[in-house]
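Okay, so here's the structure we're looking at.
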Amino acid sequence: MKLQARDLRWRPPHSGTARTIVEDVSLHVGEGELVGLIGPNGSGKSTVLRMIYRILRPTAGAVAVDGRDVWEISARENARLMAVLAQEQGGGVDAGGGFGGFSVREMVSMGRTPHKSPFARDDRHDAGIVQSAMQRTGVLPMAERSFATLSGGEKQRVLMARALAQQAGLLVLDEPTNHLDVRYQFEIMNLIRSLGVTAIAALHELHIAAHYCDRLYLLENGHLAASGTPAEVLTEATIASVYGVRAAIRLHPRTGRPHIEFMPDDPV
Amino acid sequence: MPVLLAALAGLLLLSITFGITLGPVDIAPGSVWRIAGHELVLRLGLPSAAGEWTHAQHQIVWLIRMPRVLLAALVGAGLAVVGVTMQAMVRNPLADPYLLGVSSGASVGAVLVLAYGVLGFAGVYALPLGAFAGALLACVAVYWLAHSSGRLLAPRLILGGVAIGYCLSGVTSLVTLTAGQRELANAVLSWTLGSLAGTRWDELGLPALVLVAGIAWLLLQARGLNALLAGDETASTLGVDTTRMRRGLFVLVSLLTGVMVAVSGAIGFIGLMVPHVTRMLVGTEHRRVLPVAALVGAIFLVWVDAGARIAFAPTELPVGIITSLIGGPFFVWMLYRRGMSPGVGR
Ligand SMILES: Nc1ncnc2c1ncn2[C@@H]1O[C@H](COP(=O)(O)OP(=O)(O)OP(=O)(O)O)[C@@H](O)[C@H]1O
Ligand SMILES: [Mg+2]
Numbered sequence: 001m002k003l004q005a006r007d008l009r010w011r012p013p014h015s016g017t018a019r020t021i022v023e024d025v026s027l028h029v030g031e032g033e034l035v036g037l038i039g040p041n042g043s044g045k046s047t048v049l050r051m052i053y054r055i056l057r058p059t060a061g062a063v064a065v066d067g068r069d070v071w072e073i074s075a076r077e078n079a080r081l082m083a084v085l086a087q088e089q090g091g092g093v094d095a096g097g098g099f100g101g102f103s104v105r106e107m108v109s110m111g112r113t114p115h116k117s118p119f120a121r122d123d124r125h126d127a128g129i130v131q132s133a134m135q136r137t138g139v140l141p142m143a144e145r146s147f148a149t150l151s152g153g154e155k156q157r158v159l160m161a162r163a164l165a166q167q168a169g170l171l172v173l174d175e176p177t178n179h180l181d182v183r184y185q186f187e188i189m190n191l192i193r194s195l196g197v198t199a200i201a202a203l204h205e206l207h208i209a210a211h212y213c214d215r216l217y218l219l220e221n222g223h224l225a226a227s228g229t230p231a232e233v234l235t236e237a238t239i240a241s242v243y244g245v246r247a248a249i250r251l252h253p254r255t256g257r258p259h260i261e262f263m264p265d266d267p268v
Numbered sequence: 269m270p271v272l273l274a275a276l277a278g279l280l281l282l283s284i285t286f287g288i289t290l291g292p293v294d295i296a297p298g299s300v301w302r303i304a305g306h307e308l309v310l311r312l313g314l315p316s317a318a319g320e321w322t323h324a325q326h327q328i329v330w331l332i333r334m335p336r337v338l339l340a341a342l343v344g345a346g347l348a349v350v351g352v353t354m355q356a357m358v359r360n361p362l363a364d365p366y367l368l369g370v371s372s373g374a375s376v377g378a379v380l381v382l383a384y385g386v387l388g389f390a391g392v393y394a395l396p397l398g399a400f401a402g403a404l405l406a407c408v409a410v411y412w413l414a415h416s417s418g419r420l421l422a423p424r425l426i427l428g429g430v431a432i433g434y435c436l437s438g439v440t441s442l443v444t445l446t447a448g449q450r451e452l453a454n455a456v457l458s459w460t461l462g463s464l465a466g467t468r469w470d471e472l473g474l475p476a477l478v479l480v481a482g483i484a485w486l487l488l489q490a491r492g493l494n495a496l497l498a499g500d501e502t503a504s505t506l507g508v509d510t511t512r513m514r515r516g517l518f519v520l521v522s523l524l525t526g527v528m529v530a531v532s533g534a535i536g537f538i539g540l541m542v543p544h545v546t547r548m549l550v551g552t553e554h555r556r557v558l559p560v561a562a563l564v565g566a567i568f569l570v571w572v573d574a575g576a577r578i579a580f581a582p583t584e585l586p587v588g589i590i591t592s593l594i595g596g597p598f599f600v601w602m603l604y605r606r607g608m609s610p611g612v613g614r
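Here the protein sequences line up with chains C and X, keeping their order.
The first sequence runs contiguously to residue 268 in this note's numbering.
The second sequence runs contiguously to residue 614 in this note's numbering.
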């Protein structure tokens, strides 16, 4: 599955003079590629992803999956093509809210929604998919617990399991490693790689982006500041100018990927 | 789950039986169903000999108490289901058709029909149709008020609903008092308080039909309701067309509320209490919540109606008074449990 975004621009609707949040962003993700979207807080990563997963309609530009404009297909069809792990919006009802809340298994089963007709029951096939999704993200032991009572990292893994249960060919992930301890950061990234699906992920941990992604796009103030392989994008000069932090970068002798050492005390 | 449903259905049947035996004239539980059986057999065109009951007992069971108790069950189930649906629509467990002014909208529509005979073309269905239209308008108005750049603001939802409810109650009173019909004023008074008195068999058909069809339709949408409860963005990424789904739910909620209000007036807080209790019993998944809430709501209102008839006998209270007496404190308790905020965690 391929993803193509052309000349994306977004400014908040009905806001008159408000600034443009994303301008002239074009990117593509090839079959089976894992592409990282990096950039400082507020640089527009989530906004770009939300245009890709059809929550925000671009002010200009277009998003296409396998050549089809995402706004020309139904929400349901779209949900069978792409599964989304959204950035946590700070404890909505997803987190239980005033309701008793869903169990972990129910939460993961929601991933089957786009595949089921209204008359169909959840059958053994669905149960198997849900079970294996929970196993792969390590949440099987908490399957019957209430989602609301989980820790931040556990919730993140449950939402990842839900995206897996959707069985889509394209994964759109907004900070998939958010809240995760080191072990699960690597496990989730390894899992994404091992699925062999096409994926785009917004990432904050540059070492993870460097280690796992085939290519990176670096956003700065809503513009693309750089794109290319991790070694091309993650240079001392770009990190200094975009993040304002000095870093020493060596290429790993075995993998050839950049290895970043931050030196926060040195002035840029 | 099947066990729970069977148990609740059994409890409902017992409650209905008991509800029918209660009242100034004593009736044995056994005769309730013998009289009902006798009537049903007669209606099938078969011969059936009258049993050992008196003519008065027969009249009281068949013509007065049974339709009333059955209507209580229907309305209780209907309002509970409306509560469940509205709460998923606005993602707020404090949503209730009465609290958010939807019942008041239905009342305005119904009173306009009674006072001025609007919608005369619809014949006997003019009243429920007017109530439905009024409920739909109130529903859309409250939603529109609470909506701001793609998000529902919980305080505005509750306060806006209450404000619209007051406003519409004012309209109801205004229409009632200026229409110049004395009987109308009495009818409207008992009805704004919510009352099941004087129910006739022919009033049961429409609510029963709408209730069954409504629950069936909602069960088909159950996955969508679950997703909606998880948030609009999540629902969309799971393939739910949230705009279209909400539109359908608006119509359904208004239809159910309108039809129930047309027969029983505005009975408050059932849509608030019953879904809450149901979720404590079976969780949040709508394929379980919907049928259980319907049964719990039915049982609850049958008992409340029984209480309304016997508490101050021979004076009968409108059921709405009792549901408000229980529901108000319940609402306050829910507010406290949620840390005094009518919002949903954000
Ligand atoms: N609906 C909106 N209206 C106005 N401004 C918005 C809106 N949504 C986002 N923004 C602004 O757009 C900018 C980019 O936001 P975005 O969420 O895309 O950043 P991000 O790169 O994902 O940041 P983070 O790393 O913190 O997740 C921010 O400055 C944000 O305040
Ligand atoms: Mg973000």
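The C-beta atom is built at its ideal place from N, Cα and C for all residues, glycine as well.
query, result
"Which chain C residues sit within Cβ distance under 7 Å of Glu501(X)?", "Ile55 and Ala86"
"Tell me which residues share the same chain as Pro264(C) and place their Cβ nearer than 7 Å to its Cβ, disregarding the 5 neighbours each side in the sequence.", "Val245"
"Could you tell me if Ala340(X) is buried or exposed, where buried requires 16 or more neighbouring beta carbons within 10 angstroms of its beta carbon?", "buried"
"Going by alpha carbons, who is nearest to Val300(X) out of Val271(X), Ile332(X), Leu272(X) and Leu395(X)?", "Ile332(X)"
"What residues in the stretch 538–571 of chain X bring their beta carbon closer than 8 Å to a beta carbon of chain C?", "Arg547, Met548, Gly551, Thr552 and Glu553"
"Between the beta-carbon of Ile200(C) and the beta-carbon of Val70(C), is there less than 7 Å?", "no"
"Leu367(X) by DSSP, collapsed to three states: which one?", "coil"
"Can you check whether the C-beta of Thr511(X) is within less than 7 Å of a C-beta belonging to chain C?", "no"
"Determine the DSSP secondary structure at His252(C), reduced to helix, strand or coil.", "coil"
"What separation, rounded to the nearest whole angstrom, lies between the Cα atoms of His306(X) and Arg145(C)?", "51 Å"
"Within 7 Å of any Cβ in chain X, is that where the Cβ of Gly169(C) sits?", "no"
"Hey, is Met110(C)'s beta-carbon within less than 7 Å of any beta-carbon in chain X?", "yes"
"Taking a cut of 8 Å between CB atoms, which residues from the stretch 479–500 of chain X lie near chain C?", "Leu488, Gln489, Arg491, Gly492, Asn494, Ala495, Leu497, Ala498 and Gly499"
"By a C-beta neighbour count over all protein chains shown, 10 Å radius and 16 as the cutoff for buried, is Tyr434(X) buried or exposed?", "exposed"
"My understanding is that Ala163(C) touches Gly101(C), with C-beta atoms under 8 Å, so please give their C-beta distance in whole angstroms.", "Actually they do not touch by this definition, with Cβ atoms about 19 Å apart."
"For ligand 2, is there a heavy atom less than 6 Å away from the beta-carbon of Lys45(C)?", "yes"
"Could you check whether the Cβ of Gln87(C) sits closer than 6 Å to any heavy atom belonging to ligand 2?", "yes"
"Should the stretch 532–542 of chain X be called in touch with the stretch 381–391 of chain X, which here means at least 3 C-beta pairs below 8 Å?", "no"
"Please state whether the Cβ-Cβ distance between Leu219(C) and Gly39(C) is less than 7 Å.", "yes"
"Taking Cβ positions only, does Pro114(C) come closer than 7 Å to chain X?", "yes"
"Is it the case that the Cβ atoms of Ala566(X) and Ala345(X) are separated by a distance below 7 Å?", "yes"
"Report the CB separation of Val519(X) from Leu404(X) in whole angstroms; it is logged as a contact under 8 Å.", "7 Å"
"Would you list the one or two residues that DSSP bridges to Glu320(X)?", "Paired residue(s): none; Glu320(X) is not in a bridge."
"Using a Cβ-Cβ cut-off of less than 9 Å, list which residues of the stretch 282–295 of chain X approach chain B; keep chain order.", "This model lacks chain B altogether, as its protein chains are C and X."
"According to DSSP, which residues form a beta bridge with Tyr217(C)?", "Leu37(C) and Ser227(C)"
"Closest Cβ-Cβ distance between Val519(X) and chain C: below 7 Å?", "no"
"Taking 6 Å as the cut-off, is the C-beta of Asn221(C) nearer than that to any heavy atom in ligand 1?", "no"
"List the residues of chain X whose Cβ lies closer than 7 Å to the Cβ of Gly101(C), in chain order.", "Thr552"
"By the three-class DSSP mapping on this structure, what secondary structure does Gly96(C) have?", "Reliability fails at Gly96(C), whose pLDDT of 43 lies under 50, so the model's placement of it is uncertain and no value is given."
"Return the chain-ordered list of same chain residues with a C-beta closer than 7 Å to the C-beta of Trp469(X), the five sequence neighbours on each side being excluded.", "Pro335"
"For Phe262(C), write down the residues that DSSP places opposite it in a beta bridge.", "Ala247(C)"
"Can you tell me which residues form a DSSP beta bridge with Leu171(C)?", "Ala83(C) and Ala199(C)"
"For the alpha helix (DSSP H) that Leu308(X) lies in, which residues bound it at each end?", "Pro297 to Arg311"
"I'd like the span of the alpha helix (DSSP H) that includes Ser46(C), first residue to last.", "Lys45 to Ile52"
"Does Ala120(C) pass the burial test, meaning 16 or more other C-beta atoms within 10 Å, or should it be called exposed?", "exposed"
"Quick test of the definition: if touching needs 3 or more C-beta pairs under 8 Å, does the stretch 357–372 of chain X touch the stretch 414–432 of chain X?", "yes"
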